[in-house]
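Basically the numbering used here = 1-based index in the sequence shown + 14.
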Amino acid sequence: MTAKIIDCRKIAADLNQKTANEVSILKSKYVTVPKIMTIKIGNDTASNLYLKLRDEACKKTGIISKHVEFENNVSGSEVLDTIGQLNDDRNVHGILIQFPVPKNISSEKLLLKIDPKKDVEGLNPINLGKTMIGNESLIPCTPKAVLTILSYEKTQLQGRNVVIVNHSNIVGKPLSILLLNRNATVTVCHVFTDNLSKYSKEADILISATGVPKLISQEKIKKGAFVIDVGIVKTKDGVCGDVDFSSVKEKAGKITPVPGGVGPVTIASSLQNMITTFRNCIEETT
Ligand SMILES: NC(=O)c1ccc[n+]([C@@H]2O[C@H](COP(=O)([O-])OP(=O)(O)OC[C@H]3O[C@@H](n4cnc5c(N)ncnc54)[C@H](OP(=O)(O)O)[C@@H]3O)[C@@H](O)[C@H]2O)c1
């Protein structure tokens with residue numbers, strides 16, 4: 015069996031087209047377009063690339079994307095003050111923090127400070143809590159991208175065995191809740207999981223986001239599984255994911271590639287969330 019390789023760039027282009035259409039409708043209705051601010055601290059290479067790609071997508075869809083940039087040695091209170099000002103600014107309709115931030119700054123405090131209605135990444139505890147009880151108005155972008163890919167492929171989730179290899183706050187934890195909300199049977203694995211294969215081989219849908227190249231080998235998957243590779247790793251041979259693509263594609267039913275997989279859909283999902291935060295702001299005041 016050779017897996018269907020999911021054309022995630024096509025999915026992202028379709029989503030971005032829909033976002034552009036929506037921006038144009040909103041512009042004619044409200045005579046303004048979404049303006050989004052990203053807080054960036056330091057000069058992380060991967061963050062810079064991600065921001066560049068997201069800014070390009072924003073530009074194509076008519077969303078205004080600006081940054082507030084700080085040096086690595088900025089204090090947490092200065093960043094918190096800036097978030098407070100952006101929360102109060104009626105001309106700003108969405109706020110993002112570009113992670114990673116320096117270790118001396120509490121990510122948790124920054125995320126708590128963002129006004130939940132302007133929280134583009136759906137990582138403020140209010141939005142995460144809402145997701146937990148099934149109100150998915152603003153959900154984190156990478157889990158949203160995974161759900162979108164599954165939905166484009168018309169994948170049944172109810173009653174299926176889904177294994178997630180990641181338990182971070184931005185990927186594995188929210189994704190597990192979103193899949194439970196859809197009645198999947200969800201197993202979450204991580205670095206302390208004893209015998210990963212035991213679980214991964216049972217997965218109808220296997221989602222891996224570890225950043226460990228070739229962690230998911232052919233022996234670790236079930237024949238015909240849908241394998242979604244969220245991992246992004248830069249190696250001396252170029253960018254790859256967690257999945258040993260060339261061998262796994264011979265056993266899987268469907269597979270997402272890296273690069274050109276979950277990444278572009280995550281960016282497109284972030285733009286969709288910008289529309290939501292814009293609506294939250296503008297429809298509250300009109
Ligand atoms: N495609 C996209 O749009 C996108 C978006 C976000 C992130 N990513 C990529 O996804 C990966 C994860 O990102 P993240 O921010 O969630 O990173 P993270 O916080 O470092 O999480 C990595 C997760 O993988 C687990 N893990 C690491 N090694 C493992 C192993 N050998 N076996 C089983 N589990 C293992 C970790 O477990 P412990 O916590 O127990 O160590 C943790 O849960 C990275 O490669 C990142 O670049 C991609």
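We treat Cβ as the ideally placed atom computed from N, Cα and C, and that holds for glycine. Just so you know, these numbers come straight off a predicted model, no measurement behind them.
Please go through the same chain and pick out, in chain order, the residues whose beta-carbon is closer than 6 Å to the beta-carbon of residue i, but skip the five residues on each side of it.
i: residue 29; result: 282
i: residue 69; result: 79
i: residue 157; result: 188, 189, 192
i: residue 140; result: 130
i: residue 246; result: none
Candidates the options: which alpha carbon is nearest residue i's?
i: residue 81; options: 102, 59, 106; result: 106
i: residue 100; options: 129, 187, 118; result: 129
i: residue 297; options: 180, 47, 202, 274; result: 47
i: residue 212; options: 270, 236, 199, 116; result: 236
i: residue 193; options: 120, 170, 268; result: 170
i: residue 41; options: 255, 275, 77, 137; result: 77
i: residue 177; options: 160, 155, 186, 220; result: 220
i: residue 121; options: 26, 184, 244; result: 184
i: residue 224; options: 249, 186, 260; result: 186
i: residue 226; options: 255, 200, 232; result: 255
i: residue 205; options: 218, 229, 199, 277; result: 229
i: residue 199; options: 218, 216, 173; result: 173
i: residue 290; options: 16, 83, 150, 240; result: 150
i: residue 302; options: 274, 95, 207, 142; result: Only positions 15 to 300 of the chain appear in this structure, which leaves residue 302 out of reach.
i: residue 231; options: 246, 260, 238; result: 260
i: residue 134; options: 110, 148, 90; result: 110
i: residue 197; options: 217, 207, 175, 94; result: 175
Please look up how many angstroms separate the CB atoms of residue i and residue j, rounded, as I've assumed it's under 8 Å.
i: residue 131; j: residue 294; result: 4 Å
i: residue 163; j: residue 279; result: 6 Å
i: residue 262; j: residue 222; result: Not really, about 10 Å apart at Cβ, beyond 8 Å.
i: residue 268; j: residue 50; result: Rounded, the Cβ-Cβ distance is 33 Å, inconsistent with contact.
i: residue 127; j: residue 97; result: 4 Å
Could you tell me if residue i is buried or exposed, where buried requires 16 or more neighbouring beta carbons within 10 angstroms of its beta carbon?
i: residue 52; result: buried
i: residue 43; result: exposed
i: residue 180; result: buried
i: residue 265; result: buried
i: residue 160; result: buried
i: residue 45; result: exposed
Quick one: does residue i have its CB under 7 Å from some CB of chain D?
i: residue 145; result: Absent from the structure is chain D; it holds one protein chain and no more.
Below 7 Å CB to CB, which residues in the same chain sit around residue i once its five sequence neighbours on both sides are set aside?
i: residue 112; result: 52, 53, 54, 61, 65
i: residue 75; result: 30, 33, 34, 37, 285
i: residue 88; result: 55
Residue i bridges to which residues according to DSSP?
i: residue 51; result: 80, 109
i: residue 222; result: 179, 243
i: residue 248; result: 253
i: residue 268; result: 18, 240
i: residue 199; result: 175
i: residue 258; result: Residue 258 is not bridged to any residue.
i: residue 230; result: 257
Using a Cβ-Cβ cutoff of less than 8 Å, which residues in the same chain neighbour residue i once the five nearest sequence positions on both sides are dropped?
i: residue 57; result: 86
Is the beta carbon of residue i within less than 6 Å of some heavy atom of ligand 2?
i: residue 62; result: Of the ligands one can find in the structure shown, namely ligand 1, none is ligand 2.
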